[in-house]
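Before any comments, here is the structure.
Protein chains in written order, with our numbering: chain A, 419 to 747; chain B, 19 to 366.
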């Protein structure tokens with residue numbers, strides 16, 4: 419890969435991680451000493467994606483705002499990598515009036531028509547709408563693609579299989595992405611899924627399936643590049659599974675008492691790994707115009723600005739609680 | 019009651035007569051001609067023409083690019099319609115029997131019905147979900163329900179149910195042009211199908227050109243002074259038959275065809291009850307927690323003084339639809355049950 423492309427992947431991963439760390443801080447800061455899930459600046463459940471940055475960064479590097487992404491209940495990394503407006507996304511997470519959904523959606527229900535981004539709190543159910551977006555793209559004779567994301571636990575849902583079959587049948591420009599972080603909340607993959615790789619399931623629908631084993635952003639980038647090129651060329655869907663890593667709990671507040679692999683987890687963090695790799699290759703430096711510190715500082719500035727924007731934005735007027743059930747006919 | 023009266027919704031002169039099924043298809047075809055973004059998908063909507071003739075002839079006219087037979091994968095193809103609608107297309111997607119909603123309800127109520135709200139109004143989902151409803155032909159508990167109350171209970175989707183050919187065309191046109199998801203429920207018993215006992219008003223005059231029936235506007239299909247019978251879909255015809263019969267005994271029924279469950283035309287109901295002072299709701303859906311209770315609640319909330327007698331209802335008494343003919347007809351809102359309820363209200 420070209421140094422600029424590698425740097426871009428690194429920047430995206432740093433931005434995502436910085437964002438997740440900041441959200442984590444804001445989420446917990448006002449819930450102390452007792453953890454009250456509905457209280458504080460960010461109410462409700464919070465699912466963070468630290469460790470899974472390579473998947474979003476590697477896939478979305480091939481997309482433009484004209485392409486569609488349907489993400490999961492753990493959506494921030496894909497939203498950021500796909501270019502969703504960080505300020506309005508953050509305002510939505512804070513439940514503010516300037517949020518993407520004017521405070522109606524929350525962190526699991528982000529909708530951004532400008533980048534054709536959406537996500538869903540229901541396992542696997544973002545797959546069928548992505549198939550429909552791809553159908554619209556195909557019908558209009560464009561080379562746009564739709565990317566549908568699930569976790570490995572969702573690969574056992576009916577929607578997953580129905581969507582793969584339909585997309586393969588109609589040769590739609592969809593790329594199905596499975597983030598295998600080994601855990602469906604507390605249930606390990608070994609207790610939920612009968613195949614070792616969900617990429618094998620693609621074969622059942624006659625489409626290419628590839629598993630990326632080592633959570634490497636460049637390996638994801640390569641696999642996604644092939645799949646997206648194929649989709650743009652009208653050759654139909656593909657599936658990519660990435661064996662990734664959930665660094666933190668399923669949700670914030672999850673003590674992970676069920677998890678036996680925690681000890682070795684920090685050592686598998688993809689961000690320092692990639693940083694080391696880029697330093698060794700001479701792409702990242704500690705001096706000059708672009709440094710590790712300057713990339714980190716830029717990310718911090720953007721995230722801080724987004725959080726400030728969210729905090730400045732008013733809460734929605736209760737009198738508007740019934741708005742937006744129906745569009746005007 | 020004449021054929022013309024049964025479709026009082028049509029203001030334009032209408033000589034030509036169509037079955038409800040053909041009127042519905044005509045609306046879809048005219049909208050497909052008008053708007054390239056309208057397309058049809060579902061099980062057996064192509065060469066078969068729809069199990070209940072709801073898409074007959076569309077494949078021949080528009081080809082397989084715009085009339086898509088799908089696999090038996092309701093979650094996938096209804097979800098696909100949602101995705102296409104989000105991208106600005108206007109799909110008409112058929113869920114064959116409404117009873118099948120269980121296999122795809124997540125896409126319907128967590129996605130189709132919620133995306134507009136969750137996006138704070140920034141995303142619209144302009145699609146029509148059609149399904150056949152209703153019993154009366156021994157198709158059993160999994161193929162005979164109406165369930166409009168179930169969809170109406172969940173916010174975010176409009177719900178319409180035409181009773182006659184002209185309304186079938188007008189409501190379909192309005193549904194396709196609506197920027198919201200519209201659930202369009204057609205009763206097999208009003209479609210005018212050659213293989214099913216036909217209601218005599220299932221063939222009627224239909225305006226030829228553009229014809230719209232606004233969603234959310236009920237129709238007073240028979241004016242009367244003694245009792246208001248509020249109903250929808252096939253039961254409208256039972257109510258009209260009973261009204262004709264009782265008129266000879268000096269009981270004058272007003273029959274209100276709701277046409278739309280969401281939005282519900284409360285004003286027309288209140289005006290009618292204001293005139294008659296007596297209310298009977300006839301609903302082929304289940305009795306409890308449904309349309310009949312909702313209508314009576316709205317009248318009671320707004321002005322219980324309108325009622326000179328306690329309101330009454332005829333609905334399916336909270337039992338799955340039975341198979342055997344005498345059992346099924348014991349629970350359906352038959353003309354006989356409606357007649358007895360009306361006579362009870364007027365104290366006859």
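Ideal Cβ placement from N, Cα and C applies to all residues, glycine included.
Sixteen is the threshold: since fewer than 16 other Cβ atoms of the shown chains lie within 10 Å of the Cβ of residue 52 (chain B), the residue is exposed. Nearest Cα to residue 204 (chain B) within the set B:71, B:353 and B:326: B:71.
Leaving aside the five residues that flank residue 551 (chain A) on each side, the residues in its chain whose CB is nearer than 6 Å to its CB run, in chain order, 486 and 564. If you check the CB distance, residue 194 (chain B) and residue 49 (chain B) come in under 8 Å. Between the alpha carbons of residue 641 (chain A) and residue 301 (chain B) lies a gap of roughly 56 Å. When the alpha-carbon of residue 170 (chain B) is set against those of B:127, B:157, B:78 and B:341, the nearest one is in B:127.
For residue 500 (chain A), not one C-beta of chain B is nearer than 8 Å to its own C-beta.
The residue from A:561, A:490 and A:738 with its alpha-carbon nearest to that of residue 529 (chain A) is A:490. Along the region 93 to 108 of chain B, the positions whose C-beta sits under 8 Å from a C-beta of chain A are 93, 94, 95, 96, 97, 98, 99, 100, 101, 102, 103, 104, 105, 106 and 107, read in chain order.
When secondary structure is reduced to three states using DSSP, residue 428 (chain A) falls in the helix class. Put simply, of A:567, A:591 and A:607 the residue whose alpha carbon is nearest the alpha carbon of residue 658 (chain A) is A:567. For residue 176 (chain B), the uninterrupted beta strand (DSSP E) segment begins and ends at 176 to 178. Between residue 538 (chain A) and chain B, the shortest Cβ-Cβ separation is below 8 Å. The beta carbon of residue 529 (chain A) sits closer than 8 Å to some beta carbon of chain B.
Shown here for residue 584 (chain A): same chain residues with a beta carbon closer than 6 Å to its own, the five before and five after excluded, namely 549 in chain order.
Taking residue 505 (chain A) as the centre and dropping the five residues before and after it, the same chain places the C-beta of 724 and 727 closer than 6 Å to its C-beta, in chain order.
Across the structure, residue 588 (chain A) and residue 654 (chain A) are spaced so that their CA atoms are roughly 8 Å apart. DSSP places residue 500 (chain A) within a helical segment (H, G or I) once states are collapsed to three. Contact of residue 60 (chain B) with chain A is not assigned, every C-beta pair being separated by 8 Å or more. No Cβ of chain A is located within less than 8 Å of the beta carbon of residue 119 (chain B). Against chain B, the CB of residue 563 (chain A) has no partner CB under 8 Å away; the residue lies outside that interface.
A check of alpha carbon separations from residue 189 (chain B) across B:283, B:198 and B:179 identifies B:179 as the nearest. Taking 8 Å as the cut-off, the Cβ atoms of residue 518 (chain A) and residue 556 (chain A) do not count as close. Ranking A:446, A:480 and A:581 by CA distance to the CA of residue 553 (chain A) puts A:581 first. Residue nearest to residue 230 (chain B) within the set B:196, B:251 and B:239 is B:196 (criterion: CA-CA distance). If only complete runs of 3 or more residues are kept, the region 227 to 262 of chain B shows the beta strand (DSSP E) at 237 to 240 and 245 to 249, in order along the chain. Between residue 295 (chain B) and the set B:312, B:221 and B:243, the nearest pair of CA atoms involves B:243.
A residue is called buried when at least 16 other Cβ atoms come within 10 angstroms of its Cβ; residue 298 (chain B) meets this threshold and is buried.
Using a CB distance cut-off of 8 Å, residue 465 (chain A) does not count as an interface residue toward chain B. Spatial neighbours of residue 480 (chain A) in its own chain (CB-CB distance under 6 Å, excluding positions within 5 residues in sequence) are listed in chain order as 642, 643 and 646.
Excluding the 5 residues flanking it on each side, residue 281 (chain B) has same chain C-beta neighbours closer than 8 Å at 176, 233 and 234, in chain order. Residues 162, 339, 346 and 350 of the same chain have their beta carbon placed closer than 7 Å to that of residue 153 (chain B), with the five preceding and five following residues left out of the count. For residue 126 (chain B), no CB of chain A lies under 8 Å from its own CB, so it is not counted at the interface with that chain. Residue nearest to residue 284 (chain B) within the set B:131, B:306, B:110 and B:248 is B:248 (criterion: CA-CA distance). Residue 566 (chain A) has A:488 and A:594 as its beta-bridge partners, per DSSP. Taking residue 113 (chain B) as reference, the option from B:145, B:266, B:303 and B:279 with the minimal CA-CA separation is B:145.
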